[in-house]
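Structure first, commentary second.
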Amino acid sequence: LIPYRFRRRAFLTALSGGVGLKIMLRNLEGAAAGMRSPARLLVTHWPLGIVAGSNNSLWTPTTGSVGGSLGLKPFADAGLGPDMTVIRGVTQLPHNLAGAGGAEQGLVIAMTGRAPVGTRVNCCEGDDAIAAPGGSIEQILLGSVPALQRPGKGYANSIADSRTDLGEISTQCLSYSTEAVDVERYAGTGLVSGAKPLMPELAPLMQFTNIFSSLIPGAQRPVADAMLKKMVGKRSVLDFAAEELNQVKRMAPSAARSKLGIHTDAVRAAETSVAAAINARYPNPDGGVGGNGGPACGATCMVRPLPPLPTMGKADPAGGRGSGNAFGTGRDVAMEDDAPVHAQMGKAHLDVLKAAFICDLIRVGTYQWSTASNHVGFALYPDTTQPYQHHPVSHRIGTNNTVAAATPEALIPAARFLFNVQLWYFARHAENFATWKTALDGCGNSLLDFTCVPFLTEVRANGHERTDMPAMIIGGKQLGFVHDRYVTGSFSINQFWGTIAHAFGHTSTDAPFAAPIDGFLTRP
Amino acid sequence: VSVRKAPGIFLCRCLLAAAVLLGCGGRGLPGGTGGKAGSGQVITGAGGVAGMAATCAGPGDERLVIADQRILRLTMNETLNTVRHLIDDTEARALVRDGLVVGDAVESNRLFPPLQERQIASDDSFTSLDRIADHVSDYVLANFASLTGCATATDACATAYFDKLTVKAYRRPLTSSERARFDALFIKLRNPQIVNGYEVTFTVEEATSFAVNALFSSPQMLWRWEIGDPDLASAAPAGIPLTEHELATHLSFFLTDQPPSDALLAAADAGTLRANLPAHVDALLGSQTARDWLRTIMETYLLINQLPAVSVDRAKFPIFTPSLAADIGTEARKFLDSTLWSGTLTDLLQSRTTFLNTRLAADIYDVAAPPGATETTFVQTTLPANLRSGLLTNAAWLTIAGRADGSFPVVPRGKLVAAVFACMPAPPPADVTAPPQIPGSKPFEEQTSQEQVAARAAVTACNDCHGLIDPYGLALENYDRLGRYRTVDDRGRSVDAHTTLPAVIGGDAVANAVDLAAKLATKPAFTACMASAMLRYAMVEAGGGTEVPLPPQQAGCATADVVRKYESFGGRTFTNLVRATAATPAFVLRRAAP
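Those protein sequence lines, which keep their order, are chains A and B.
Under the numbering used here, think of the first position of the first sequence as 1, with each following residue one higher.
Under the numbering used here, think of the first position of the second sequence as 1001, with each following residue one higher.
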């Protein structure tokens, strides 16, 4: 018998070249030699800061990084506490540009560590911040840390919903090239040299195509025959039916719940039977455990994921005038509850990025759930099913309303809405990255342990404050991060990035970096 | 000796004493209070005892609302119709052909009301549903292009097809969460998986087929949801209105046994269904689909659907060939079609219009074949007024009840008339420890029917039951096992069909079947019984073999409301009875359930 590893390699070698294939093959070789997984950086963002409650009662954890905090509870629920550090006290000052919007310049400064150099001409408003030359942090690191570089472009930027107020670029872009371009200024005259925005991709399918087009599909594993496919498909169907039963039970009266319980038992029994049949008829040819199997080093990359559905999140209407800055009571309703689709789009994007990291096609990326001026509609306003837009509602009230009470119930409805949306984003983020924790990369290591995922916001709260801001670092244990901590103080955005840069071996403290924050890093 | 009371059997105390000659056993009958159907389920008269439909205290009477918020599992026939509606007729037929659809989808198995099958998706019934889902799934895979209209199998085309299918299946728009979960399933199926080391990938066609499988496994499709909209709860009578889409489903299955049409769903989408319910009822009643289904329901109520399972002694009745059996079934269906949609409710009892072929004219009714009739062509005709009157003298209806050799027909026929047309079935007998003594100077089997009836009436223990059923059966003595008119019984003795109806229905003297039909047709009990039946059909739920669908003390008022509306519509037609049923609060409201 030819050892499985050699059969696999022979199959791959028989295929013609392509960057993706070469990467994949090299990765397999490395895995065979016990290669350490590469370091990766994925910068992520949530909009509109936090609702902290009075005396930070809705925010401050009592144990570890997130324990006992209502506002951070989704991370605790997802079991990510030991894999993250929560920070309170990041400041963007003294970086500031008078005339630039709070969210607009907040996001630019958060990502570049520099003050904007002006505001951009757009259709209707003069607050769209222009990033200073030099690029965003992850692009600087990509350019200066060889271990982060991959053949081809080597990075990917994604966004799940790109609606803005008035077509601003600064709120829908995390990533800026180190290359500079001339930008027409809104205030003042003429052109100004600014960092070139690397706009994120809205369509998961397009992002998939961007990343995976060079990868030639390979499948050296034994291919399921018709019977196994039938059983696997049926197991998915029964899984689905059981979940649907769980969902509908919630709205059923007690007598109906009893009937549905019997129905559920029957589905579960069938599911168990199918799973047992799979394991009995198709024992793992690798001799590993059953179920979904634990892939050997590199094996998860051996099957190219199929493209996501050709759907995407919402963008501004054509015409460049954005989605409107219709702020305030009566003008901030949404046409529909976008949350289910928004969650789905986010997951699709993160799944594409996850696959790209696993296959080691990129090591750097950015991901935004929405723009900093978020127009996603959520049916999370108290005591109504009417959906409301996140950012427009935030203008109904001041930050004082979000720190006026110690419990969500005691906050005014608009503040509760903001808190609910915060929890929604944290829950979706946590759900997704919990899967990164268990996912194995091409070398068989935890994907999350070798991936640093900064999770940032552009302002402290709805009043656009840019001091005492929250931030998180998720993952990257194997890069040296000491986690399960809640850290307070006053840290410049440059220190924050300096800390992360150190984890990638970039030790310069030249702008936009600064000396790392003490205690964050210990090489394992 | 104790008398056994078991599902499917209800025994009279006289039975043992009469050496099991009275024919009291047998299948439970529609409307039998406390009696049990062959399936072991309790059948209870929705209107209680006929003629006793309780009047309501007013339009706010809480008894007008008779069902809790609930879910009802689709019957097999409804499931089959859903397959036809969502997929196509070919697949629906294949499910029947391959034996995957049983239960009420097989006509002779159907009980009244049709929902009286097992409502719980237990292991057994789940297996049936699961096999149907698999079969449909395979069919979609094999016929992907033609069913989906996707000349090229792309994810976008497949999901567009599937999205439309889900709305039809759920009988309402999906919530965004439900839609997202289906999308997630599709994505999961379309992405490669490693299962036990094997690479598993599904094509667009395969993923679509499994998604359809999931649709046919989803509780939202398999159950009819009647939760209502609590925000619209009414105070008098207290009840929660069904949502527009629940109402569309309820109405559509009520009148057609099929999922709501696109038009009905559109009305529900627009929120105009409730406000225009009578118009939608009329529109549906104008369709052949509704007419065929409601006729089928009445066949089931009248037990005519049992005809294929009837046992007739061919040695004694050699003319009862399969062809003749089919003919009398055809005649009954044509009679019902004509009466239900062109006549009045009392025509069920009194119409002499029927449809005969040459065989029935000669062999059963002993009349000249109507012009144009052949062995295979049934032609409308009028039967002799002195001999025939509606269903009571109809060959099919007379054939369904009785022993194979035609002996002792009084009791089974009497039970049938009492249950079906008066909703006054005999109460279940109490256990006795010793058989009552039947008087008489000659063996029971040698007595005439009049003598047997008189003998039972003389014994209190017997008369408790038989006093309520024997008179009806006795009035039908002029018809033999197959419904042929006779003047002498099978022992050559003159037939005497005169009798006196039970006091509870008026105590009228009756000369024969034609007279019985005329008397019954005038009774409020008959109207109330028909209203009760229609309401039970529209509303009933039975589960587990013990659940009483509609407690009589509650349903009486609701039935009375149906009768009141029916009589107010002008024209005592079957159509108006259906309209009245759909118009009653019981139909559209549900009680809040814990």
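Quick reminder that beta carbons are idealized off the backbone N, C-alpha and C, glycines included.
Check the C-beta distance from residue i over to residue j and give it rounded, since I have them as a contact under 8 Å.
| i | j | result |
| --- | --- | --- |
| B:E1375 | B:R1388 | Actually they are not in contact, since the Cβ atoms of B:E1375 and B:R1388 sit about 22 Å apart, beyond 8 Å. |
| A:V527 | A:A147 | Limits of chain A in this structure are 1 at one end and 524 at the other, which puts residue 527 of chain A out of reach. |
Using a beta-carbon distance below 9 Å, is residue i in contact with chain B?
| i | result |
| --- | --- |
| A:M251 | yes |
| A:G526 | Given a span of 1 to 524 for chain A in the structure shown, any question on residue 526 of chain A remains unanswerable. |
| A:F212 | no |
| A:T178 | no |
| A:T507 | no |
| A:N292 | Only weak support exists for where A:N292 lies, its pLDDT of 27 falling under 50; the coordinates are left without a value. |
| A:F240 | yes |
| A:S236 | yes |
| A:L380 | no |
| A:H390 | no |
| A:F520 | no |
| A:Y425 | no |
| A:L350 | no |
| A:Q149 | no |
| A:Q139 | no |
| A:L306 | yes |
| A:W436 | no |
Answer with yes or no whether the minimum CB distance from residue i to chain A is below 9 Å.
| i | result |
| --- | --- |
| B:K1168 | no |
| B:R1413 | no |
| B:K1565 | no |
| B:T1546 | Annotation note: pLDDT 26 at B:T1546 (below 50); position unreliable, no value reported. |
| B:K1316 | no |
| B:W1341 | no |
| B:T1201 | yes |
| B:G1197 | yes |
| B:E1178 | yes |
| B:M1539 | no |
Which residues does DSSP list as the beta-bridge partners of residue i?
| i | result |
| --- | --- |
| B:E1226 | B:R1070 |
| A:F378 | A:Y388 |
| B:F1355 | B:Q1380 |
| A:P454 | A:I473 |
| A:H506 | Looking at the DSSP assignment, A:H506 forms no beta bridge with any residue, so it has no partner. |
| A:Y367 | A:T44, A:S158 |
| B:V1488 | B:S1494 |
Report the neighbours of residue i on chain D: residues whose CB is nearer than 7 Å to its CB, in chain order.
| i | result |
| --- | --- |
| A:E201 | As a matter of chain content, chain D is missing from the structure shown, whose protein chains are A and B. |
Counting pairs of Cβ atoms below 8 Å between the region 462-482 of chain A and the region 41-56 of chain A, do you hit three or more?
-> yes
Please specify which runs of the beta strand (DSSP E), each continuous and at least 3 residues long, are wholly inside the region 140-218 of chain A, giving them in chain order.
-> 155-159, 176-184, 191-197
Can you list the alpha helix (DSSP H) stretches of 4 or more residues lying completely in the region 1173-1200 of chain B, in chain order?
-> 1176-1190
Validate contact between the region 1203-1218 of chain B and the region 1236-1251 of chain B using beta carbons, cut 8 Å, 3 pairs = no
Three or more C-beta pairs closer than 8 Å, one from the region 136-156 of chain A and one from the region 360-367 of chain A: is that the case here?
-> yes
So does the region 1245-1263 of chain B actually touch the region 1283-1302 of chain B, counting three or more Cβ pairs closer than 8 Å?
-> yes
Touch check for the region 320-334 of chain A and the region 392-407 of chain A: three-plus C-beta pairs under 8 Å?
-> yes
Quick one: any contact between the region 1522-1532 of chain B and the region 1411-1423 of chain B, if contact means 3 or more CB pairs under 8 Å?
-> yes
Take every Cβ of the region 228-248 of chain A, pair it with every Cβ of the region 256-269 of chain A, and state whether three or more of those distances are shorter than 8 Å.
-> yes
Three or more C-beta pairs below 8 Å linking the region 1052-1071 of chain B and the region 1560-1567 of chain B = yes
Would you check if the region 1317-1325 of chain B and the region 1130-1150 of chain B touch, i.e. whether three or more CB-CB distances between them fall below 8 Å?
-> no
Is it a yes or a no for the region 199-216 of chain A touching the region 156-169 of chain A, going by three-plus beta-carbon pairs under 8 Å?
-> yes
Does the pairing of the region 192-211 of chain A with the region 340-353 of chain A give three or more beta-carbon distances under 8 Å?
-> yes
How about the region 75-94 of chain A and the region 186-196 of chain A: do they share at least three Cβ pairs that are nearer than 8 Å?
-> no
Jot down the residue ranges of each uninterrupted beta strand (DSSP E) in the region 1126-1182 of chain B, minimum 3 residues, whole runs only, in chain order.
-> none
Flag this pair as touching only if the region 404-423 of chain A and the region 479-494 of chain A have three or more C-beta atom pairs under 8 Å; answer yes or no.
-> no
Which runs of the alpha helix (DSSP H) spanning at least 4 residues fall entirely within the region 1363-1424 of chain B, listed in chain order?
-> 1395-1399, 1410-1421
Would you call the region 165-182 of chain A and the region 474-484 of chain A touching, i.e. three or more CB-CB distances under 8 Å?
-> no
Three or more beta-carbon pairs under 8 Å between the region 1334-1350 of chain B and the region 1503-1521 of chain B, yes or no?
-> yes
Taking one C-beta from the region 1324-1337 of chain B and one from the region 1381-1400 of chain B each time, how about it: are there three or more such pairs within less than 8 Å?
-> yes
Say whether the region 1215-1234 of chain B touches the region 247-258 of chain A, bearing in mind that this needs 3 or more beta-carbon pairs closer than 8 Å, one atom from each stretch.
-> yes
For the region 310-369 of chain A, list the alpha helix (DSSP H) runs that are entirely contained and at least 4 residues long, ordered along the chain.
-> 339-358
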